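Everything below concerns the one structure shown next.
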Amino acid sequence: MPLTPTELNQFHQDGYLPLLNYLDKFQLLKLNNEIDNLLNNVDIENNPIIKFTTENDNEGHISDKYFLDSSDKISFFFEPDSIDNNNKLKYPINKSVNKIGHGLHLLNQTFNEITINDDIASICRQLAIKDARAVQSMVIIKQPLIGAKVPPHNDAEFLFTNPISCIGFWFALQDCTIENGCLEFLPNSHKIYPLNKRFVKDLQNGYGTKFANLNNLNSNYISNENDDENENIFNNDSLYKKIIIPAGTLVLIDGKIIHKSGKNLSNNSRNAYTFHIIDGTTDYDEYNWLQIPPNNPSGSKNFTRLYKNFE
Numbered sequence: 322m323p324l325t326p327t328e329l330n331q332f333h334q335d336g337y338l339p340l341l342n343y344l345d346k347f348q349l350l351k352l353n354n355e356i357d358n359l360l361n362n363v364d365i366e367n368n369p370i371i372k373f374t375t376e377n378d379n380e381g382h383i384s385d386k387y388f389l390d391s392s393d394k395i396s397f398f399f400e401p402d403s404i405d406n407n408n409k410l411k412y413p414i415n416k417s418v419n420k421i422g423h424g425l426h427l428l429n430q431t432f433n434e435i436t437i438n439d440d441i442a443s444i445c446r447q448l449a450i451k452d453a454r455a456v457q458s459m460v461i462i463k464q465p466l467i468g469a470k471v472p473p474h475n476d477a478e479f480l481f482t483n484p485i486s487c488i489g490f491w492f493a494l495q496d497c498t499i500e501n502g503c504l505e506f507l508p509n510s511h512k513i514y515p516l517n518k519r520f521v522k523d524l525q526n527g528y529g530t531k532f533a534n535l536n537n538l539n540s541n542y543i544s545n546e547n548d549d550e551n552e553n554i555f556n557n558d559s560l561y562k563k564i565i566i567p568a569g570t571l572v573l574i575d576g577k578i579i580h581k582s583g584k585n586l587s588n589n590s591r592n593a594y595t596f597h598i599i600d601g602t603t604d605y606d607e608y609n610w611l612q613i614p615p616n617n618p619s620g621s622k623n624f625t626r627l628y629k630n631f632e
């Protein structure tokens, strides 16, 4: 279903666009059943207990080889609150996993079908993406009562191209409410705040990741006074617009808009599927954490192309 002129204008104006009823009830059932199937078949004996966090603290999964090697695999990451002090799970696996990624569109037919298709390609063309490439895909599960918050960020920090081209496709597979951690957007932030840092692979120290300044990717991120002022704005909860969306909604997300989500304080899970598209005609450098294959930076040439007749 192509975007209407009104929808296209709204996306550029707001930096995000909810498309209600994009998925029907049969697609939702199929996708949620596939999540259950993946969770029920985790090989816990051979799967490390790696917590998932996007906090800017250089801890947890971000320095782990398992995370960096997950670009072309189906890997499992766990809620921080599901792991005890001995790095053991406190709950059953299906109540502990936070994220499954980052190669679902490569290796799982159910998620490939929702990612690589003519309709998604059509939307990408309307968004003026010359060579649409699927970079990563993941299921995000906010588990009941322990589902972790996601701090303010924009997607271009994590999937950087020059010029910036990242677009997020975020599917609500269950109802997203204020109580279970719905998406929250900082209005107009995609127009106001320039990108000032990147989440990069630490090429100086081998395997590992860090945040770095745009003009010095080999050193850890150091904020200036203007950055600190912006961070104070980003951390002001009252400035965000909460987006309550029903299951079946597709939310398009501009790579530059600041967004976050709260902790799941409810008894209901919040399943979502998301993938990111970049323009293959832009520069995707070796500092990006996600590479396919993981240990051989190859730009965007190995990312899945959406257009059948690209020239």
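Position 169, counted from 1, in the sequence shown is what this note's numbering calls 490; the numbers after and before it change by one each time, with no gaps. Ideal Cβ positions, reconstructed from N, Cα and C, are used throughout, including at glycine. Since this is a predicted model, take the numbers as computed values, not measurements.
Item checked: Beta-carbon contacts of Tyr514 that lie in its chain and below 6 Å, excluding the five residues immediately before and after -> As a working note, residue 514 is residue 193 in the sequence shown. Excluding positions up to five away in sequence, the list reads Asn551.
Check: When DSSP labels each residue in this structure, what does Gly542 get in the three-state scheme?
Finding: Counted from its first residue, the sequence shown places residue 542 at position 221. Reading the sequence as shown, one finds Tyr at residue 542 and not Gly. Reduced to three states, the DSSP call for Tyr542 is coil.
Item checked: Beta-carbon contacts of Pro508 that lie in its chain and below 7 Å, excluding the five residues immediately before and after -> As a first step, residue 508 is located in the sequence shown; it is residue number 187 there, counting from the start. Taken in chain order, the residues that qualify are Lys562.
Margin query: Going by beta-carbon coordinates alone, are Leu427 and Asp452 separated by less than 8 Å?
Written below: Sequence index remark: in the sequence shown, residue 427 carries index 106 (1-based). Sequence index remark: in the sequence shown, residue 452 carries index 131 (1-based). Contact: no.
Margin query: What does the Cβ neighbour count give for Asn475, buried or exposed, with the cut at 16 atoms within 10 Å?
Written below: For the purposes of this step, residue 475 is taken as the residue at position 154 of the sequence shown. Classification of Asn475: buried, given that the 10 Å Cβ count is 16 or more.
Checklist line | Residue closest to Leu560, alpha-carbon to alpha-carbon, out of Ile444, Ile579, Ile421 and Asn545 | finding: Taking the sequence shown and counting its residues from 1, one reaches residue 560 at position 239. Ranking Ile444, Ile579, Ile421 and Asn545 by Cα distance to Leu560 puts Ile579 first.
Check: What three-state label does DSSP hand Asp604 in the structure shown?
Finding: In the sequence shown, residue 604 corresponds to position 283, counting from 1. Note: Asp604 maps to strand in three-state DSSP.
Notebook entry, point to check: For Met459, does the count of other Cβ atoms within 10 angstroms reach 16, so buried, or fall short, so exposed?
Noted result: Along the sequence shown, read from residue 1 onward, the residue named residue 459 stands at position 138. Burial call: buried.
Next item on the list: Following the continuous alpha helix (DSSP H) through Ser510, name the residue where it begins and the one where it ends.
Entry: Within the sequence shown, the letter at position 189 stands for residue 510. Run containing Ser510: Ser510 to Ile513, per the alpha helix (DSSP H) assignment.
Margin query: Bridge partners for Phe397 per DSSP, in chain order?
Written below: Here the question's residue 397 lines up with position 76 in the sequence shown. Note: Phe397 sits in a beta bridge opposite Ile421.
Checklist line | Beta bridge counterpart(s) of Asp575 as assigned by DSSP | finding: Position 254 of the sequence shown, counted from the start, is the residue given in the question as residue 575. Assignment of beta-bridge partners to Asp575 by DSSP yields Ile488.
Checklist line | C-alpha gap between Ser486 and Ile395, whole angstroms | finding: What you label residue 486 is simply residue 165 of the sequence shown in a count that begins at 1. What you label residue 395 is simply residue 74 of the sequence shown in a count that begins at 1. In a straight line, the C-alpha of Ser486 is about 25 Å away from that of Ile395.
Notebook entry, point to check: If you check the beta carbons only, do Leu338 and Val521 fall under 8 Å apart?
Noted result: As a working mapping, residue 338 is identified with position 17 in the sequence shown. As a working mapping, residue 521 is identified with position 200 in the sequence shown. Note that the C-beta distance between Leu338 and Val521 is not below 8 Å.
Notebook entry, point to check: If we call anything under 8 Å between Cβ atoms a contact, is Asn585 one with Leu466?
Noted result: Here residue 585 refers to the residue found at position 264 when the sequence shown is read from its first residue. Here residue 466 refers to the residue found at position 145 when the sequence shown is read from its first residue. Contact: yes.
Item checked: the region 410-417 touching the region 327-336, judged by at least three CB pairs closer than 8 Å -> Not touching, per the Cβ criterion.
Notebook entry, point to check: Exposed or buried, Gly422, counting other C-beta atoms within 10 Å across all chains shown (16 or more means buried)?
Noted result: One-based indexing of the sequence shown puts residue 422 at position 101. The residue in question, Gly422, is buried, as its Cβ has 16 or more Cβ neighbours within 10 Å.
Item checked: Segment limits, beta strand (DSSP E) that includes Thr530 -> Here residue 530 refers to the residue found at position 209 when the sequence shown is read from its first residue. That run of the beta strand (DSSP E) goes Thr530 to Asn534.
Check: Are the beta-carbon atoms belonging to Phe490 and Phe347 less than 8 Å from one another?
Finding: Counting from one through the sequence shown, the residue named residue 490 turns up at place 169. Counting from one through the sequence shown, the residue named residue 347 turns up at place 26. Against a cut-off of 8 Å, the Cβ pair of Phe347 and Phe490 comes out as no contact.
Notebook entry, point to check: Taking the Cβ atom as the reference point for each residue, do Asn592 and Leu504 lie within a distance shorter than 8 Å?
Noted result: Working through the sequence shown from its first residue, we reach residue 592 at position 271. Working through the sequence shown from its first residue, we reach residue 504 at position 183. Leu504 sits away from Asn592, with the two beta carbons spaced by 8 Å or more.
Check: Straight-line CA distance for Gly601 to Ser621?
Finding: What you label residue 601 is simply residue 280 of the sequence shown in a count that begins at 1. What you label residue 621 is simply residue 300 of the sequence shown in a count that begins at 1. Each residue's Cα considered, the two are about 6 Å apart.
Item checked: Coarse secondary structure for Ser582, derived from DSSP in three states -> Stepping through the sequence shown from its first residue, residue 582 is reached at position 261. Residue state, collapsed to three classes: strand.
Margin query: Within a Cβ cutoff of 6 Å, which residues of the same chain sit near Ile450, ignoring the five residues on either side of it in sequence?
Written below: The sequence position of residue 450 within the sequence shown is 129, counting from 1. Excluding five sequence positions before and after Ile450, the CB atoms of its chain that fall closer than 6 Å to its own CB belong to Asp600, given in chain order.
Item checked: Assigned secondary structure, Pro473 (DSSP; H/G/I helix, E/B strand, else coil) -> Position 152 of the sequence shown, counted from the start, is the residue given in the question as residue 473. In this structure, Pro473 counts as strand in the three-state DSSP scheme.
Check: What do you get for Gly527, buried or exposed, if any count of 16 or more other CB atoms within 10 angstroms of its CB means buried?
Finding: Residue 527 sits at position 206 when you count from the first residue of the sequence shown. Using a 10 angstroms sphere on the CB of Gly527, the tally of other CB atoms stays under 16, which defines it as exposed.
Check: What distance in whole Å lies between the Cβ atoms of Lys577 and Leu524, which are believed to be in contact at a cut-off of 8 Å?
Finding: Start at 1 with the first residue of the sequence shown, and residue 524 comes out as number 203. Start at 1 with the first residue of the sequence shown, and residue 577 comes out as number 256. At roughly 25 Å, the Cβ-Cβ gap does not stay under 8 Å, so Leu524 and Lys577 are not in contact.
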